[in-house]
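Worksheet: one structure, shown below.
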Amino acid sequence: MSLSKDTVLPRLIEIIEPFNKKGIALSADTSFARDLELDSLTVMDLVAEIEDEYDIILPVNMLPDLETIGDVAGAVAEIKNK
Amino acid sequence: MPDLFDKFQPLIDQYEGLMASGMRDPFHLKMEKILSPTRAVVDGREIILVGTYNYMGMTFDPDVIAAGQKALEEFGSGTTGSRVLNGTYQGHAECEAALRDFYDMDHAMVFSTGYQANLGLMSAMAGRGEYIVLDADSHASIYDGCAMGNADIVRFKHNSVEDLAKRLKRIPEDAGKLVVLEGVYSMVGDIAPLKEMVAVAKEAGAMVVVDEAHAMGFFGENGRGVFEAAGVEDQVDFVVGTFSKSVGTVGGFVVSNHPKFDVLRFVCRPYVYTASLPPAVVACAATSIRKLMHAHDKRAHLWAASRKMHAELRAAGFTLGTAEAESAIIAVKMPDQERSAKMWAALIDEGVYVNMVPPQATPGLHLLRCSLCAEHSDAEVDEIIARFKRAAAAAGLPLST
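Residue numbers (the UniProt record's numbering), protein chains in the order written: chain A, 1 to 82; chain B, 1 to 401.
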């Protein structure tokens, strides 16, 4: 089954919700650094959860390019479809 | 005009805040005299050093000093050149020979620092389309080497064999993989379950590097490191190490049995594009390494001192980073930054130097890190414990009794 950014997004937001300590509304445009203000340890836990959910690897070196939830959804779909 | 320093303002504010509280500055301490591997003079007062990496106390060894002095006189103060140009002297070759003998391996390569050894190995060994799999608590030099190269970087949970296995399974089977482990993790002083981890890495077809910076000299029958103590010597592809800890000077190295190892001398940029170590340094290192091969009594004493320190600090009610002494590093946990700084300053007032680990190095933890030396006498350890108790009272640090 082929995944797209849009099909990944709703589940991805569910995974991120427990990390949303500020209780803001999450969307594809939500920025991890600016809006969620996640520290580096939290980012690592979140990345591990996303990896486990989709059974993929999100390489550490890719993370600086993934600014928003939408960016991650796109990356997950791309890796999963490879 | 934008000031490029503006981005550092939060750090400047934090530091100035700490200083404004009248606190002694933990980051600009000056050792006025070094009396021995365990004693120094600070502000005109003698203190006991319990925060150095001088595990085997080799810095004032008479043979080491003599070798350095001879090389300084005969070969001059510096090489003024790269290892691959004019910077390889007889002393560098002898130092690499000492490492080959110490590790009983075919190849050894000496870098100018341990940091550069990791920088060079990580950035050169894995390229685009290949993977480096590293422990989340890896040293900055490993992370920086990864950032310098083009491999995909995969982290696993600190010391978790299960997480390492899970991540290795997700990497394409035919992709080149390098698993990076450390014998002793220096912040808390815990050791890696190398037997299990190396087995998992090998099963996945990965090459394995173990950084033994904080283990060389006193783990294993020959002092080679945790990988020797764990019985996986024939499974490890590279061992990284440093001269700035047990060896007692400065420099870094990689040893290996891989037949093609020497090509790394051309492809490790931190090896090629920097000056080689001064002749006196490699002479001190070679002499020290050869003496460490037979330093069984020192090894035994270091372990006894580390275990005694751990047991007595724990009995006094301090909260420690590990349940038992796993290495020569004993990390004392502090409740917050303020009391960490207070306790550190109280220890200096008592005449004890330990490392105050900045929270940037250990997110979520405030540590006062002690490291033992083979030259710490039993009486010195007793004195350190007594001073710790008095410092805790002075700093208002609650102890659990």
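The C-beta atom is built at its ideal place from N, Cα and C for all residues, glycine as well.
Would residue i count as contacting chain B if we go by Cβ distances under 9 angstroms?
i, result
"A:S2", "no"
"A:V8", "no"
"A:P59", "yes"
"residue 87 of chain A", "Residue 87 of chain A falls outside the range modelled here, since chain A spans only 1 to 82, and no answer is possible."
"A:A48", "yes"
"residue 83 of chain A", "This structure cannot settle anything about residue 83 of chain A, because the visible part of chain A is limited to 1 through 82."
"A:A56", "The displayed chain sequence assigns Ile, not Ala, to residue 56 of chain A. At least one chain B Cβ lies under 9 angstroms of A:I56."
"A:L41", "yes"
"A:E53", "no"
So, under 8 angstroms CB-CB, residue i and residue j are touching, yes? Tell me the CB distance rounded to an integer number of Å.
i, j, result
"A:M44", "B:R155", "7 angstroms"
"B:R275", "B:T38", "Sequence check: residue 275 of chain B is Ala here, not Arg. The pair is not a contact, with the Cβ atoms about 32 angstroms apart (cut-off 8 angstroms)."
"B:G183", "B:H214", "7 angstroms"
"B:V232", "B:L194", "6 angstroms"
"B:E196", "B:V226", "Contact flag wrong, Cβ pair sits at about 12 angstroms."
"B:R307", "B:L347", "At roughly 21 angstroms, the Cβ-Cβ gap does not stay under 8 angstroms, so B:R307 and B:L347 are not in contact."
"B:V50", "B:I385", "The Cβ separation is near 10 angstroms, so there is no contact."
"B:V352", "B:I34", "Incorrect: roughly 16 angstroms between the Cβ atoms, too far for contact."
"B:K342", "B:A393", "The pair is not a contact, with the Cβ atoms about 12 angstroms apart (cut-off 8 angstroms)."
Between residue i and chain A, is there a C-beta pair that is closer than 9 angstroms?
i, result
"B:K157", "yes"
"B:P358", "no"
"B:V154", "yes"
"B:A66", "no"
"B:A151", "yes"
"B:Y273", "no"
"B:Y103", "no"
"B:Y131", "yes"
Do residue i and the ligand HEM come close, with the Cβ less than 8 angstroms from some heavy atom?
i, result
"B:T274", "The ligand HEM is not among the ligands present in this structure, which contains no ligands whatsoever."
Could you tell me which uninterrupted alpha helix (DSSP H) segments, each at least 4 residues in length, are contained entirely in the segment 183-254 of chain B, listed from first to last along the chain? 194-203, 226-229
3 or more residues per run - each beta strand (DSSP E) lying fully within the segment 1-43 of chain A: none
Residues of the segment 133-149 of chain B in Cβ contact with chain A at a cutoff of 8 angstroms, in chain order, please. A136, C146, A147
Is it a yes or a no for the segment 54-67 of chain B touching the segment 245-265 of chain B, going by three-plus beta-carbon pairs under 8 angstroms? yes
Between the segment 167-190 of chain B and chain A, which residues of the former have CB atoms less than 8 angstroms from a CB of the latter, in chain order? R167, R170, I171
Within the chosen definition, does the segment 319-339 of chain B reach the segment 363-375 of chain B through at least 3 CB pairs nearer than 8 angstroms? The segment 363-375 of chain B and the segment 319-339 of chain B touch, with three or more beta-carbon pairs separated by less than 8 angstroms.
Near-chain A residues of the segment 192-207 of chain B (beta-carbon distance less than 7 angstroms), N- to C-terminal order: none
Only counting runs of 4 or more residues, tell me where the alpha helix (DSSP H) segments fall wholly within the segment 266-302 of chain B, in order along the chain. 269-272, 279-292
Below 9 angstroms between beta carbons is the criterion; list the residues of the segment 344-374 of chain B that meet it against any residue of chain A, in chain order. P363, G364
Does the count of Cβ pairs from the segment 172-181 of chain B and the segment 128-143 of chain B closer than 8 angstroms reach three? yes
Compile a chain-ordered list of the residues in the segment 28-39 of chain A whose CB is closer than 8 angstroms to at least one CB of chain B. Flagged, chain order: D39.
Specify whether the segment 278-294 of chain B and the segment 309-324 of chain B touch according to this definition: at least 3 beta carbon pairs, one from each stretch, less than 8 angstroms apart. Between the segment 278-294 of chain B and the segment 309-324 of chain B there are fewer than three C-beta pairs closer than 8 angstroms, too few to call the two in contact.
Enumerate, from N- to C-terminal direction, the unbroken beta strand (DSSP E) stretches of 3 or more residues contained entirely within the segment 42-85 of chain B. 45-49
Taking only runs of the alpha helix (DSSP H) that begin and end inside the segment 104-143 of chain B, which ones reach a length of at least 4 residues, in chain order? 114-125
Tell me, please, whether the segment 345-361 of chain B touches the segment 14-34 of chain B by the rule of three or more beta-carbon pairs shorter than 8 angstroms. yes
Count Cβ pairs between the segment 139-152 of chain B and the segment 110-123 of chain B that sit closer than 8 angstroms; are there 3 or more? Touching, per the Cβ criterion.
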